[in-house]
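Asks:
There are 2 protein chains.
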Amino acid sequence: MIARELSATRRPQGPPRLKDVASKVGMSTATVSRALTGRGPVSPGTKRRIEAAAKELGFVASYHASSLASGRSRNIGVVLPYVDRWFFATVLDGIASTLTAAGYDAALYNLQGENFRESVLTDFLLRKRLDAAAVVSLRLAPGETEQLLSAGIPLVGIGGSLEGAPTISVDDLNAGLRATNHLIQLGHCRIAFIGGPPEAGRSFPMSSDRRRGFERAMSTAGLPIHERDQLVSDFTFLGAYQQVKNLLAEPEQRPTAVFAATDEMAAGAILAARDLGLEIPRDLSVIGIDAHPLGEAFGLTTIDQQAHHQGTRAAQLLLRQLAGEPVTAGHELHRAHFIARSSTAPLGSNSSPA
Amino acid sequence: MIARELSATRRPQGPPRLKDVASKVGMSTATVSRALTGRGPVSPGTKRRIEAAAKELGFVASYHASSLASGRSRNIGVVLPYVDRWFFATVLDGIASTLTAAGYDAALYNLQGENFRESVLTDFLLRKRLDAAAVVSLRLAPGETEQLLSAGIPLVGIGGSLEGAPTISVDDLNAGLRATNHLIQLGHCRIAFIGGPPEAGRSFPMSSDRRRGFERAMSTAGLPIHERDQLVSDFTFLGAYQQVKNLLAEPEQRPTAVFAATDEMAAGAILAARDLGLEIPRDLSVIGIDAHPLGEAFGLTTIDQQAHHQGTRAAQLLLRQLAGEPVTAGHELHRAHFIARSSTAPLGSNSSPA
DNA sequence: CTCACTAGTGTAAGCGATTCCATCAGTGGG
DNA sequence: CCCACTGATGGAATCGCTTACACTAGTGAG
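As they're listed, the protein sequences go chains A and B.
Throughout the first sequence, residue numbering follows numbering that gives the first Met the number 0, covering 0 to 353 in sequence.
Throughout the second sequence, residue numbering follows numbering that gives the first Met the number 0, covering 0 to 353 in sequence.
1. Please classify L245/B as buried or exposed, where buried requires at least 16 other C-beta atoms within 10 Å of its C-beta.
2. Rounding to the nearest angstrom, what Cα-Cα distance links D104/A and H307/A in this structure?
3. Can you list, in chain order, the residues of its chain whose CB lies under 7 angstroms from that of S6/B, leaving out five sequence neighbours each side?
4. In three-state DSSP terms, what is D170/A?
5. Let me confirm a value: R47/B is counted as buried when at least 16 other C-beta atoms fall within 10 Å, else exposed. Which label applies?
6. When you compare only the Cα positions, how much space is there between H187/A and I338/B?
7. E295/A versus chain B: which residues are under 7 angstroms apart at the beta carbon?
8. Contact check, F258/B vs I190/B under 8 angstroms by CB: the rounded distance?
9. Going along chain A in order, which residues have a C-beta closer than 7 angstroms to the C-beta of L107/B?
10. Let me know if Q320/A comes out buried or exposed under the rule of 16 or more other beta-carbons within 10 Å of its beta-carbon.
11. Between I279/B, Y108/B, K54/B, R273/B, which has its C-alpha nearest G87/B's C-alpha?
12. Helix, strand or coil: which one does DSSP assign to H333/A?
13. Closer than 9 angstroms, CB to CB, is V77/B near chain A or not?
14. Compute the Euclidean distance between the alpha carbons of A353/B and G175/B, then round it to the nearest angstrom.
15. Looking at Q305/B and H336/B, is the spacing between their C-beta atoms short of 9 angstroms?
16. By a C-beta neighbour count over all protein chains shown, 10 Å radius and 16 as the cutoff for buried, is P254/A buried or exposed?
17. First and last residue of the beta strand (DSSP E) that includes G294/A?
18. Taking contact to mean 3 or more Cβ pairs, one atom from each stretch, closer than 8 angstroms, check whether the segment 230-245 of chain B and the segment 259-269 of chain B are in contact.
19. Assign M0/B to one of two classes, buried (16 or more other C-beta atoms within 10 Å of its C-beta) or exposed (fewer than that).
20. Just mark H181/B as buried or exposed, buried being the case when its beta carbon has 16 or more other beta carbons within 10 Å.
21. Would you check if the distance between the CB atom of I167/A and the CB atom of H333/A is smaller than 9 angstroms?
22. Under 8 angstroms: does the beta carbon of T311/B sit that close to some heavy atom of the ligand GTP?
23. Can you find the residues in the same chain that come closer than 7 angstroms, C-beta to C-beta, to R209/B, ignoring five residues on each side of it along the sequence?
24. Would you kindly work out how many angstroms separate the C-alpha atoms of G158/A and A272/B, rounded to a whole number?
25. Check each candidate in L299/A, I75/A, V20/A and name the one with the smallest Cα separation from L317/A.
26. Express the C-alpha separation of E162/B and E384/B in angstroms, rounding to a whole number.
27. How many Å lie between S341/A and S136/B at the Cα?
28. Using 8 angstroms as the threshold, is the segment 55-72 of chain A in touch with the segment 11-21 of chain A, meaning 3 or more CB pairs across them?
29. Got a sec: is the Cβ-Cβ distance from P292/A to anything in chain B below 9 angstroms?
30. With 16 other CB atoms within 10 Å as the buried threshold, where does E4/B fall?
31. Just the Cα atoms here: how many angstroms apart are L222/A and L346/A?
32. Can you tell me which of the three DSSP states H181/A falls into?
33. Rounded to the nearest angstrom, what separates A132/B and V155/B at their Cα positions?
34. Judging by CA-CA distance, which residue of E50/A, T327/A, W85/A, V243/A is the nearest neighbour of R33/A?
35. Taking all protein chains shown into account, do 16 or more other C-beta atoms lie within 10 angstroms of the C-beta of H225/A, making it buried, or fewer, making it exposed?
36. For G355/B, name the three-state secondary structure that DSSP assigns.
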């Protein structure tokens, strides 16, 4: 019991209750509730009066009471492995702003440690703490997805397939293909690729499809892939910087182009090349993927995967499902956009960009 | 009503209720609740049996029911102006991980648009949707803070003072002073400063104290500040890159050192200088503030403001207040740590770092 | 002119916990 | 040997809404 004062008569300064609005307009709480939530029939006149009274009193429905009674909580979970990395922060921003605009809350579940995974799903989602969830770049166990879906909790996945739920991702294979073909068309034969680790716990291998696109494009063009040019980094600028610097340090077997799975790594590659005295794009062409703001200053040619839009879109799908509209559980493969800047040029050209 | 089946007897596969645990161990729900929440006396034996039963049934208390009944919601709001900028994402990460570890949820309120401000405070906080809130780099109206505090909602501010609530920030003035003095000691006389805009809506002017530190250090050293060297950018790498490139384009009145209010801007400055053929630190010394991971690859000398730690610390303060411990409402000024790298060197030295 | 419907409203039963109060068995002091 | 007290427990009243169901009055069809 929080406030069991002198029965319901006195309530010094607490926020107004539904009851207060009801008595102010001389109607039952049922009608007031219907008027305010928009569920169930209420005559236009009554509705207007109730809304006015509610506004005047500054009434806002108790979140927990209404959630408990209705089973809906206007709270959507966003589950992701990192918040402090560009892609995730940007997707999160897209999701959160869309949800907020629709009157939903975004609750953040950062699964960096992997430790809280179980409790997040079991405790929060299944216990109706959340109405829906967006899962970013994380692999759910087959049973988990099913469990959530069958409990009627809409799900949407970003950057990795989620059995039975709609999924959004950029066409990574295609992006990898296009990036590589761009370099090949410019005459490059010896192309290095730098991506992330093949897999990290429950998170999706973020760059493997891009790597696959690279490999396919190379073999289609009949170009050999040198073991030495296949770099693996941690997606950071610094990591890529170091890897690429090592790679380029020996002039005799240096690639003429680098395809980095993300712009941050691409920018690191450019810096590394410059630190070795190479000129971009004269001595080395570099292409990335992301449209990271960093790339602009580096003149980085890249492929825009529209991270923010992916987030917005995911949120829309969830909202639509919550509104009762049927949403097909397929994979929504966004096509990425090529952004040509000055970090790539024809092989052997004299420093002028492509 | 959500599930008014055949009275309470049938409940096909829904999650177990407190009642179920109670009947399993043959005790009242009151005792079970006490055992599980740890409030009120329960004999050790009973407690053990209850916990075992709860675990076996996979019982987890309904979030909304317990919030409604107890008035506590285990949900803490994080209010910030951006999520997709390094500092904020990092602080958020620190806050969220600390809260999650303590069993609290972090609800995200991104006030980028400024539009939702009112509703966030009024609707969510005051309606007991949130137990507490961390306000990052945002200025609350004097009345708002008071209203929240008097409603018993713990508040903590990061990066800007919040009347009546504990506040955390790095000592920006001191950091600005030290960064500038570092350059002065190296013999630089003509030092440029690049910071953010003086003020942006309700958010705190993020770099004005750093600028003030710069100005004070310069005047203490008797050095003139050239109007032309006072740059204002938008905190982005690209923005700083452009500004600094313009600044350095005219060789005759070029500063010999740049102090950037953030590492991202400092890195942009370095790139700009390099693009103009300048060598760092031989031709230009650059210092930043942040310890942004980007800085490492650029060899950027910087001052670490420990963004992640600030977040962690803020979360701890909130948790402590929620636990009933008194927390003094003062300003907690963290001292930043100097990180010497290779982007600064004595004026006129031959390329060897400081 | 009835009758089946619908729209508008009220009554009251939950939602699933927490917690106040009463009850009751031990227990150490006087 | 009695009593005030403490620790463990149960009964039942909330917390503040939503909504099933009952009811009334109007409305167009037959």
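Built from N, CA and C at the ideal position, the CB exists for glycine as well.
Replies: Well, looking at it:
1. Just to set this straight, residue 245/B is Asn in the shown sequence, not Leu. Exposed.
2. 18 angstroms
3. Reliability of the predicted coordinates at S6/B is poor, the pLDDT of 35 falling under 50, and no value is obtained from them.
4. coil
5. exposed
6. 41 angstroms
7. L237
8. 6 angstroms
9. A95, A105, L107
10. buried
11. Note that residue 87/B is Phe in the sequence shown, not Gly. When only C-alpha atoms are compared, the closest one is Y108/B.
12. strand
13. yes
14. Note on A353/B: pLDDT 43, under 50, position unreliable in the model; no value is reported.
15. yes
16. buried
17. It is not in any beta strand (DSSP E) - G294/A instead sits in the alpha helix (DSSP H) that spans 292-296.
18. yes
19. Its pLDDT being 35, under 50, M0/B is placed unreliably by the model, and the measurement read from it follows with that caveat. Exposed.
20. buried
21. yes
22. The ligand content of the structure shown is nil, which means the ligand GTP is not present either.
23. D171, A174, G175, G194, A260, I288
24. 37 angstroms
25. I75/A
26. As displayed, chain B neither begins before 0 nor continues past 353, which places residue 384/B out of reach and without an answer.
27. 37 angstroms
28. yes
29. yes
30. At E4/B the pLDDT is 34, less than 50, meaning the model places this residue with poor confidence; the figure from the coordinates comes in the next sentence. With fewer than 16 other Cβ atoms within 10 Å, it is exposed.
31. 15 angstroms
32. helix
33. 7 angstroms
34. E50/A
35. exposed
36. Any property of residue 355/B remains undetermined from this structure, which presents chain B solely from 0 to 353.
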